[in-house]
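Student:
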Amino acid sequence: MASERSPMGAINMSDKTIDRLAGATPVRVARKIKGLSDRAIAWIFVGPTIFLLLAVNIFPLIWTINLSFTNFKANRLNREVEYIGLRNYERILGDSDIWLSMQATAHFLFWTLFFQVLIGFTLAWLINKKFKGNDLWTTIIVLPMMLSPAVVGNFWTFLYQPQIGLFNYIVTFFTGADPSSFEMLGSVDLAPWSIVIVDTWMWTPFVMLICLAGLRSIPDYIYEAAEVDRASKLRQFFTITIPMVLPFLMLAVLFRGIENFKMFDLVVQLTGGGPGSVTEMASINLKREAFEKWRTGYSSAFAIILFVTVFGLASIYVKALNKVKER
Amino acid sequence: MTRFFKGLLTLKRGPWELIATLLIGVGVFMLMQPFYLWAYTYSFIVTLVGTVMFIVVSHFSEQE
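The following block contains the structure:
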């Protein structure tokens, strides 16, 4: 046998095998590789990834920036494209409809993050307690996260039905109001909350899992030392649990924040941006401008505004995360 | 406070990053607030300046 197993299980090849493998390399390929430095070989491996990154991420970004200064319409390819300077940006930043969609996004973003962090952390804290069947409960809680947004949107539409929907009956059970007296998806006041509820239901398990990872990473001896120092449970929670879970929590907020800023699928399934435009998020508005009104230049400028906002927020967030980790 | 201004003058990362962070925060708030349309209008330029500043100043040396 040319190869043998080391005590650790790795396969050690003899020089003979290596020579035989090298000999099997076609002469033309071997000749080409022979003269290359380590750096060149490294570039050969990394090159395709960099090329893909440039082609899929960087080029479209630069192209979008270029289009944002034009009056280009993707459905009129024969029309001459004119450079109109910053006019698209001026129009977007003076448009009260887009301003309203930004407010709808802010409402959605703030409340989903608030509830997801609150409920997610509480669930993680409870699941972290050792009790019989907590693995089963973890699996049950995590289920909504595994579903497709299209499926979730569809069945919540049924749950929100005023006549047959379970949601209205549950609210009736607790408040005594008539189930058909309110419509979650059809009411201007309730529709923004209906999408907050669904997103919270779907994505709280994600925050819970990240918090659970944080809670399980805290060594028991820290709590034992605190017990020796006669620190109360509340004191332990605020001086040990919260600071040690904070980096994980911040990571969860970063992921959910970016994801919810560009929320599209769930809202389209549930309300389609309505009633009126109270649940029309920035991404839905962007899609309408780009693929319904075909104002490609205008929507490119809008996309750049959203990109800069998310990029700026993510930058300061990553900085804050690093600072917390250093502590 | 003196340390902060000294850091600004000597192009140190800490104080400049703080200003960039504040600009981004203010810009995002201006973009999403429901009170003044003029604040919404100028939000992008504030966020853009903050973001570009953040990218540039994060290459400055750390304050001792």
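Same order as they appear, the protein sequences are chains Y and S.
1 is the number of the first residue of the first sequence in my numbering; add one for each residue after it.
1001 is the number of the first residue of the second sequence in my numbering; add one for each residue after it.
Virtual Cβ for every residue (Gly too), placed ideally from N, Cα, C.
Between V1049(S) and the rest of its own chain, which residues show a CB-CB distance below 7 Å, the 5 nearest in sequence each way excluded?
Tutor: Only L1023 meet the Cβ criterion.
Student: Under the three-state reduction of DSSP, which class applies to S148(Y): helix, strand or coil?
Tutor: S148(Y) falls in the coil class under three-state DSSP.
Student: Strictly under 7 Å for the Cβ-Cβ distance: is Y1036(S) near chain Y by that measure?
Tutor: Not closer than 7 Å to any Cβ of chain Y, the Cβ of Y1036(S) fails to qualify, so no.
Student: Using beta-carbon positions only, say whether T271(Y) and L185(Y) come within less than 7 Å of one another.
Tutor: Result yes, Cβ atoms of T271(Y) and L185(Y) sit closer than 7 Å.
Student: Pull up the distance between the alpha-carbon of G9(Y) and that of D19(Y), whole angstroms please.
Tutor: Here G9(Y) scores only 46 on pLDDT, less than 50, and its place in the model is too uncertain to base an answer on.
Student: What first and last residue would you give for the alpha helix (DSSP H) that runs through T296(Y)?
Tutor: Start and end: 296-326.
Student: If you follow the alpha helix (DSSP H) that V171(Y) is part of, which residue opens it and which one closes it?
Tutor: Its alpha helix (DSSP H) spans residues 166-175.
Student: Cα separation between G273(Y) and N285(Y)?
Tutor: Between G273(Y) and N285(Y), the C-alpha separation is close to 8 Å.
Student: To the nearest whole angstrom, what separates the beta carbons of F69(Y) and I84(Y), a pair I think is in contact under 8 Å?
Tutor: The Cβ separation is near 7 Å, so the contact holds.
Student: For M102(Y), which residues from the same chain have a beta carbon less than 8 Å from its beta carbon, with the 5 sequence-adjacent residues on both sides left out?
Tutor: Cβ within range, chain order: A282.
Student: Whole-angstrom Cβ separation of N128(Y) and D199(Y), contact assumed at under 8 Å?
Tutor: Not confirmed; about 24 Å, so no contact.
Student: Less than 7 Å separating the beta-carbons of A124(Y) and C211(Y)?
Tutor: Going by C-beta atoms, A124(Y) is nearer than 7 Å to C211(Y).
Student: Compute the distance between the beta-carbons of V1057(S) and W1016(S), then report whether it is under 7 Å.
Tutor: Going by C-beta atoms, V1057(S) is nearer than 7 Å to W1016(S).
Student: Name, please, each residue of chain Y whose Cβ falls closer than 9 Å to the Cβ of E1062(S).
Tutor: Near E1062(S) there are no residues of chain Y at all, since even the closest Cβ is about 12 Å away, more than 9 Å.
Student: Please determine, among A290(Y), S315(Y), A314(Y), G312(Y), the residue with the shortest C-alpha to C-alpha distance to A303(Y).
Tutor: Looking at the Cα atoms, A290(Y) is the closest of the given residues.
Student: Would you please state the rounded distance, in angstroms, between the beta carbons of I92(Y) and I305(Y)? I believe it to be under 8 Å.
Tutor: 6 Å between Cβ atoms; contact.
Student: According to DSSP, K1012(S) sits in a beta bridge with which residue or residues?
Tutor: BP columns for K1012(S) point to S1061(S).
Student: Answer yes or no: do K325(Y) and P219(Y) have a C-beta to C-beta separation smaller than 7 Å?
Tutor: No, they are not a contact pair.
Student: What is the DSSP secondary structure of T200(Y), counted as helix, strand or coil?
Tutor: Correct three-state label for T200(Y): helix.
Student: Starting from V1028(S), find everything on chain Y with Cβ-Cβ shorter than 8 Å and list it in chain order.
Tutor: Within chain Y, the residues near V1028(S) are T309, G312, L313.
Student: Between the C-alpha atoms of I170(Y) and I222(Y), what's the straight-line distance to the nearest angstrom?
Tutor: Going by the C-alpha atoms only, they are around 43 Å apart.
Student: Check T279(Y) in the structure and name its three-state DSSP category.
Tutor: DSSP places T279(Y) in coil when its eight states are reduced to three.
Student: Count the C-beta pairs between the stretch 159-179 of chain Y and the stretch 229-248 of chain Y that are closer than 8 Å, then say yes if the count reaches three, no if not.
Tutor: At 8 Å Cβ cutoff, the stretches do not touch.
Student: Please identify, using Cβ separations under 8 Å, the residues of the stretch 37-63 of chain Y that lie next to chain S, in order along the chain.
Tutor: Cβ contacts with chain S come from no residue of the stretch 37-63 of chain Y.
Student: In angstroms, rounded to a whole number, what distance separates the CA positions of V27(Y) and G47(Y)?
Tutor: Cα to Cα, V27(Y) sits roughly 24 Å from G47(Y).
Student: Mapping the DSSP letters down to three states, classify G271(Y) as helix, strand or coil.
Tutor: First, the amino acid is wrong: residue 271(Y) is Thr here, not Gly. Residue state, collapsed to three classes: coil.
Student: Start and end of the alpha helix (DSSP H) containing S101(Y)?
Tutor: Looking at the DSSP string, the run of the alpha helix (DSSP H) that includes S101(Y) is 96-128.
Student: Run through the DSSP bridge pairs and tell me what Y83(Y) is partnered with.
Tutor: DSSP, once it has assigned bridges, lists T70(Y) as partnering Y83(Y).
Student: Does M1032(S) have its Cβ less than 7 Å from a Cβ in chain Y?
Tutor: So, interface residue.
Student: Judging by CA-CA distance, which residue of F167(Y), K262(Y), F174(Y) is the nearest neighbour of L190(Y)?
Tutor: Selected option, being the one with the closest Cα: F167(Y).
Student: Mind checking which residues open and close the alpha helix (DSSP H) that includes K233(Y)?
Tutor: Where K233(Y) is concerned, the enclosing alpha helix (DSSP H) stretches over 233-236.
Student: Taking only beta-carbon atoms, is I1024(S) less than 7 Å away from chain Y?
Tutor: At least one chain Y Cβ lies under 7 Å of I1024(S).
Student: Could you check the C-alpha separation between P149(Y) and R256(Y) for me, to the nearest Å?
Tutor: Approximately 15 Å, taken between the alpha carbons.
Student: Kindly indicate if chain Y contains any beta-carbon less than 7 Å away from that of G1050(S).
Tutor: So yes, G1050(S) belongs to the interface.
Student: From this set, V188(Y), F264(Y), P60(Y), which residue's C-alpha is nearest G153(Y)'s C-alpha?
Tutor: Of the candidates V188(Y), F264(Y), P60(Y), the one whose C-alpha sits nearest the C-alpha of G153(Y) is F264(Y).
Student: Indicate the three-state DSSP secondary structure (helix, strand or coil) for S187(Y) in the structure shown.
Tutor: S187(Y): coil per DSSP, three-state reduction.
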